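Data first, discussion second: the structure below is written as structure tokens.
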Amino acid sequence: MGLIHLSVLGIPTGSRDAGPPLPVLILGAAIGLAVIALLVRSWRQDAPIARWAAGVLLVLAALGVLPGLLVANVALALRLAAGALVGLTVATLVLLFLPESGTDLGVAR
1 MGLIHLSVLG IPTGSRDAGP PLPVLILGAA IGLAVIALLV RSWRQDAPIA RWAAGVLLVL
61 AALGVLPGLL VANVALALRL AAGALVGLTV ATLVLLFLPE SGTDLGVAR
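Numbering (this note's numbering), first residue to last: 1 to 109.
In structure tokens:
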């Protein structure tokens, strides 16, 4: 998800209806970098606080794209991307906070 947030820097801005404002894109990329750094720290040091901080940032990023779904003058491609980002964020949060079940993947024997 952090890499997806970094990819928002490729969305065109500048014209009146091409995309989100540049500060929004920069904030999205900064969130992406922070999520990557926090998850690397969580993975290397088994730091649950870093995992929770990454989860909070992902929720904030998902809330940030909701106006793209609700505003009338947004291009269909951007609406689809915003909807996919929200869906991927929910899936990522579920996987991020899913309790570990060992090597048997929780299957009863």
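We treat Cβ as the ideally placed atom computed from N, Cα and C, and that holds for glycine. The structure displayed is predicted, hence computed values, not measured ones.
Just the C-alpha distance for VAL24 and GLU100, rounded to the nearest angstrom, thanks. The count along the sequence shown starts at 1 and reaches residue 24 at position 24. The count along the sequence shown starts at 1 and reaches residue 100 at position 100. CA-CA distance, VAL24 to GLU100, rounds to 35 Å.
When the Cβ atoms of the region 75-91 are set against those of the region 37-51, are three or more pairs found closer than 8 Å? Result no; under three Cβ-Cβ pairs closer than 8 Å.
Enumerate in chain order the residues of its own chain whose CB-to-CB distance from ARG79 is below 8 Å, with the five nearest sequence positions on each side excluded. Along the sequence shown, one-based indexing puts residue 79 at 79. Cβ neighbours of ARG79 beyond the five flanking positions: GLY68 and LEU69.
Cutting at 8 Å between CB atoms, please list the residues of its own chain near ILE4, excluding the five before and the five after it. Here residue 4 refers to the residue found at position 4 of the sequence shown. By the criterion of a C-beta distance shorter than 8 Å, ILE4 is surrounded in its chain by GLY32, LEU85 and LEU88, once the five residues flanking it on both sides are discounted.
Rank ASN73, TRP43, ALA72 and THR92 by C-alpha distance to the C-alpha of VAL59 and give the top, closest one. In the sequence shown, residue 59 corresponds to position 59, counting from 1. Per the Cα distances, THR92.
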